[in-house]
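Asker: One structure, as structure tokens, below. Some questions next.
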Amino acid sequence: MVKWVFLIMVMALPASAEMVQGPARVIDGDTLAIGAVRVRLHGIDAPEKAQLCKDAAGRDWRCGAAATAALQRMTARGETRCVGEDYDRYDRLIATCQAGGRDLNRALVQEGFAEAYRKYSQDYVAAEAAARAAMRGIWAGAHLSPAAVRRGARLAGGDPPPGACVIKGNISRAGRIFHTTASRDYAVTKIDTRKGERWFCTEAEARAAGWRPVKR
62 MVKWVFLIMV MALPASAEMV QGPARVIDGD TLAIGAVRVR LHGIDAPEKA QLCKDAAGRD
122 WRCGAAATAA LQRMTARGET RCVGEDYDRY DRLIATCQAG GRDLNRALVQ EGFAEAYRKY
182 SQDYVAAEAA ARAAMRGIWA GAHLSPAAVR RGARLAGGDP PPGACVIKGN ISRAGRIFHT
242 TASRDYAVTK IDTRKGERWF CTEAEARAAG WRPVKR
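All letters in the sequence shown, in the order written, are residues 62 to 277 by my numbering.
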């Protein structure tokens, strides 16, 4: 029965698709190898291997290492199956992968170990939104996008948040605006309490104090 299911799945693949299957060797949070084939997970972007993020209390944590460990955990038992049609400039197959009945690309985004890579795909935007809302993984505090880290960006400094109150009340030419951890520029926004900027625990608190949400 399993053999017939496998044959049906293979026959259903597009003519141009390539499929690799076997034990996976994880390279980082969005890259693995099956045999001699290196695979880049389609539609997602995980933190760089040495990347640091901030938790809800503003403390550094090794989000890149955590993303790598998450993918290792997901592929630890049995075989991984990847299907893709294109290769990138590093000769990696761009693919959607499954292991243990799970879509690995989606699972990494849902658990907060990767962003939806909107530059190339909209497939995992909803999964990212759910992870943001639940403040899972990299969305628990501040982080830079992996793409920004590859360009050499660093997290902004400034005054640390008081405990779990991580909403940033920033003062700029646009007035008093606040950034939640889901805001695009959250990670690079610096808070200087000497200038009247402040931290908020909830969006309602920020609005009541006269701050408005930033336009994402």
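Cβ coordinates follow ideal geometry from the N, Cα and C atoms, glycine included.
Taking DSSP as the reference, what is the three-state secondary structure of A127?
Answerer: Residue 127 sits at position 66 when you count from the first residue of the sequence shown. Three-state DSSP puts A127 in a helix.
Asker: Going by beta carbon distance, what residues of the same chain come within less than 7 angstroms of I175, once the five residues before and after it are set aside?
Answerer: The sequence position of residue 175 within the sequence shown is 114, counting from 1. Correcting the residue identity first, residue 175 is Ala in this sequence and not Ile. Closer than 7 angstroms at the Cβ level, and outside the excluded window around A175, lie G90, D91, I105, D106, A107, A128, L169.
Asker: Beta-carbon within less than 7 angstroms of Q171's beta-carbon, same chain only, minus the 5 sequence neighbours each way: which residues are those?
Answerer: Here residue 171 refers to the residue found at position 110 when the sequence shown is read from its first residue. Closer than 7 angstroms at the Cβ level, and outside the excluded window around Q171, lie A188, A191, A192.
Asker: Could you tell me whether the Cβ atoms of I155 and H103 are closer together than 7 angstroms?
Answerer: As a position in the sequence shown, residue 155 is number 94, starting the count at 1. As a position in the sequence shown, residue 103 is number 42, starting the count at 1. In contact: I155 and H103 (Cβ atoms closer than 7 angstroms).
Asker: For V98, which residues from the same chain have a beta carbon less than 7 angstroms from its beta carbon, with the 5 sequence-adjacent residues on both sides left out?
Answerer: Counting from one through the sequence shown, the residue named residue 98 turns up at place 37. Closer than 7 angstroms at the Cβ level, and outside the excluded window around V98, lie V81, L154.
Asker: With DSSP as the reference, label G230 as helix, strand or coil.
Answerer: Here residue 230 refers to the residue found at position 169 when the sequence shown is read from its first residue. Three-state result, G230: strand.
Asker: Please state whether DSSP places E264 in a helix, a strand or coil.
Answerer: Here the question's residue 264 lines up with position 203 in the sequence shown. In this structure, E264 counts as helix in the three-state DSSP scheme.
Asker: Taking DSSP as the reference, what is the three-state secondary structure of Y185?
Answerer: The residue labelled residue 185 in the question sits at position 124 within the sequence shown. Y185: coil per DSSP, three-state reduction.
Asker: Sort out for me which residues DSSP pairs I95 with in a bridge.
Answerer: As a first step, residue 95 is located in the sequence shown; it is residue number 34 there, counting from the start. Beta-bridge pairing links I95 to A85, V98.
Asker: In the structure shown, what three-state DSSP assignment does F67 receive?
Answerer: For the purposes of this step, residue 67 is taken as residue 6 along the sequence shown, with counting starting at 1. Note on F67: pLDDT 42, under 50, position unreliable in the model; no value is reported.
Asker: Take every Cβ of the segment 254-272, pair it with every Cβ of the segment 129-147, and state whether three or more of those distances are shorter than 8 angstroms.
Answerer: No: the two stretches stay apart, fewer than three of their Cβ pairs being nearer than 8 angstroms.
Asker: Starting from K115, follow its DSSP beta bridges and name the residues at the other end.
Answerer: By 1-based counting over the sequence shown, the position of residue 115 is 54. Paired residue(s): D121.
Asker: Excluding the 5 residues preceding and the 5 following G236 in the sequence, name in chain order all residues of the same chain whose CB lies nearer than 8 angstroms to its CB.
Answerer: Numbered from 1 along the sequence shown, position 175 holds the residue referred to as residue 236. The answer, listed in chain order, is R273.
Asker: Tell me whether G198 is buried or exposed, calling it buried when 16 or more other Cβ atoms sit within 10 Å of its Cβ.
Answerer: Locating residue 198 in the sequence shown gives position 137, counting from the first residue. Label assigned to G198: buried.
Asker: Just the Cα atoms here: how many angstroms apart are V66 and G83?
Answerer: Against the sequence shown, residue 66 aligns to sequence position 5. Against the sequence shown, residue 83 aligns to sequence position 22. Residue confidence for V66 is low, a pLDDT of 41 falling below 50, so the modelled location carries little weight and cannot support an answer.
Asker: From what residue to what residue does the alpha helix (DSSP H) around V170 run?
Answerer: Position 109 of the sequence shown, counting from 1, holds the residue named residue 170. Run containing V170: 165-171, per the alpha helix (DSSP H) assignment.
Asker: List the DSSP bridge partners of I155.
Answerer: Stepping through the sequence shown from its first residue, residue 155 is reached at position 94. I155 pairs with R101, D147.
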